[in-house]
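The structure under discussion appears below in the form of structure tokens.
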Amino acid sequence: MALLTIEGLSKSFYLHRVNRWVQGCRDISFAVDPGEFVGITGRSGSGKSTILRCIWRTNLPQDGRILYESARYGTLDLARATQRQMLYLRTCELGYVSQFLSALPRQTAYDIVMRSALETYGEERRGEAERASEAMLRHFDIDENLWELYPRTFSGGEKLRLNIAAAMIKRPRLLLLDEPTASLDNASKVKVRSLIEQLKAEGTTMLGIFHDLEFMEGLCDREYNMQEGAMS
Ligand SMILES: Nc1ncnc2c1ncn2[C@@H]1O[C@H](COP(=O)(O)OP(=O)(O)OP(=O)(O)O)[C@@H](O)[C@H]1O
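This note's numbering puts the sequence shown at residues 1 to 232.
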């Protein structure tokens with residue numbers, strides 16, 4: 001059974017200032033099986049991120065269903081799930097990684113992963129959360145000298161690895177990757193590629209957007225191309 005089944009998903013944005021609608025994505029349907037890595041490509045503005053934001057529910061779709069097999073709720077339509085259910089899923093079942101780091105000011109790299117770990121383990125299992133955070137930072141090759149630093153000054157590759165460590169400590173059942181390689185140089189892209197291969201080998205189900213078709217070569221189990229809001 002698919003972990004995620006998207007049926008007829010459409011999202012447009014109404015722009016009050018110019019009094020017109022902009023198409024995000026229209027009539028999108030596809031499925032992602034457990035352990036699969038599905039890639040979405042397409043030109044800038046074709047609606048790729050809109051799909052991911054509908055799954056993460058920062059966008060509320062106008063039409064369609066996003067059926068997700070939740071460990072806690074069973075089959076759940078993310079287009080209609082409650083805020084409370086979405087909050088739980090974002091904390092415990094879904095992961096979202098982009099090239100941007102969403103960190104609070106004066107939070108060290110270690111704090112970022114630890115905050116994520118505490119959401120899963122809870123305050124009462126702080127010791128376990130600490131051990132898991134350290135293991136995760138090492139697992140994703142983040143130099144111990146960086147742990148107590150603020151990631152503002154990190155390289156693109158280091159920020160991304162930190163993002164992935166913070167997302168993966170929750171062991172998400174579905175990881176969403178929104179152009180994680182967009183601003184990286186070639187050497188960092190190669191590292192990200194091996195990181196994705198590693199996540200795949202560990203059985204993580206992933207849905208990822210990538211600009212760079214060369215980067216995708218041989219990496220995805222399936223690939224969809226977006227054109228002006230529609231999928232082919
Ligand atoms: N919040 C929003 N308000 C208005 N328009 C939006 C909003 N979000 C997206 N859009 C519009 O929807 C269309 C699709 O945007 P989306 O971000 O999904 O494209 P994309 O394929 O991910 O682009 P890129 O590769 O450049 O990130 C674009 O025309 C964009 O301007």
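Don't be surprised by glycine CBs; every beta carbon is placed ideally from N, CA and C. Computed from a predicted model, the values in this text were never measured in an experiment.
- Query: Is I6 closer than 8 Å to G64 when the C-beta atoms are compared?
  - Reply: It is a contact, given that the beta carbons lie within the stated cut-off.
- Message: With the cut-off set at 8 Å, would you say L162 and P151 are in Cβ contact?
- Response: yes
- Query: Are the beta-carbon atoms of T256 and L149 separated by less than 8 Å?
  - Reply: Only positions 1 to 232 of the chain appear in the structure, and residue 256 is not among them; the question remains open.
- Message: Can you find the residues in the same chain that come closer than 6 Å, C-beta to C-beta, to L175, ignoring five residues on each side of it along the sequence?
- Response: G95, T204, M206
- Query: What residue range is occupied by the uninterrupted alpha helix (DSSP H) comprising Y88?
  - Reply: For Y88, the enclosing alpha helix (DSSP H) stretches over residues 83 to 92.
- Query: Can we say the stretch 173 to 187 touches the stretch 207 to 219, given the rule of at least three CB pairs closer than 8 Å?
  - Reply: yes
- Query: Is the number of C-beta pairs between the stretch 224 to 231 and the stretch 13 to 27 that are closer than 8 Å three or more?
  - Reply: yes
- May I ask you to check if the CB of W226 is nearer than 7 Å to at least one heavy atom of ligand 1? Checking the displayed sequence, the identity of residue 226 turns out to be Met instead of Trp. For ligand 1, at least one heavy atom lies less than 7 Å from the Cβ of M226.
- Residue-level contact to chain C via CB, A182, 8 Å cutoff: No chain C is present in this structure, which holds just one protein chain.
- Which of helix, strand or coil does DSSP assign to Y79? It is worth fixing the name first, because residue 79 is Ala in this sequence and not Tyr. Annotated three-state conformation of A79 is coil, per DSSP.
- Message: Which of the three DSSP states is assigned to C220 in this structure?
- Response: coil
- Query: Any heavy atom of ligand 1 closer than 7 Å to the Cβ of S170?
  - Reply: The sequence shown places Lys at residue 170, rather than the Ser named in the question. No, ligand 1 has no heavy atom inside 7 Å of this Cβ.
- Candidates T82, E93, R84: which alpha carbon is nearest L3's? Comparing Cα positions, the closest option is E93.
- Is the closest heavy atom of ligand 1 to the C-beta of T91 under 7 Å? no
- Using alpha carbons as the reference points, say which of Y68, Y110, D212 lies closest to Q85. Y68
- Message: Looking at the secondary structure, which residues open and close the beta strand (DSSP E) in which R241 lies?
- Response: This structure gives no information on residue 241, because the portion of the chain shown stretches from 1 to 232.
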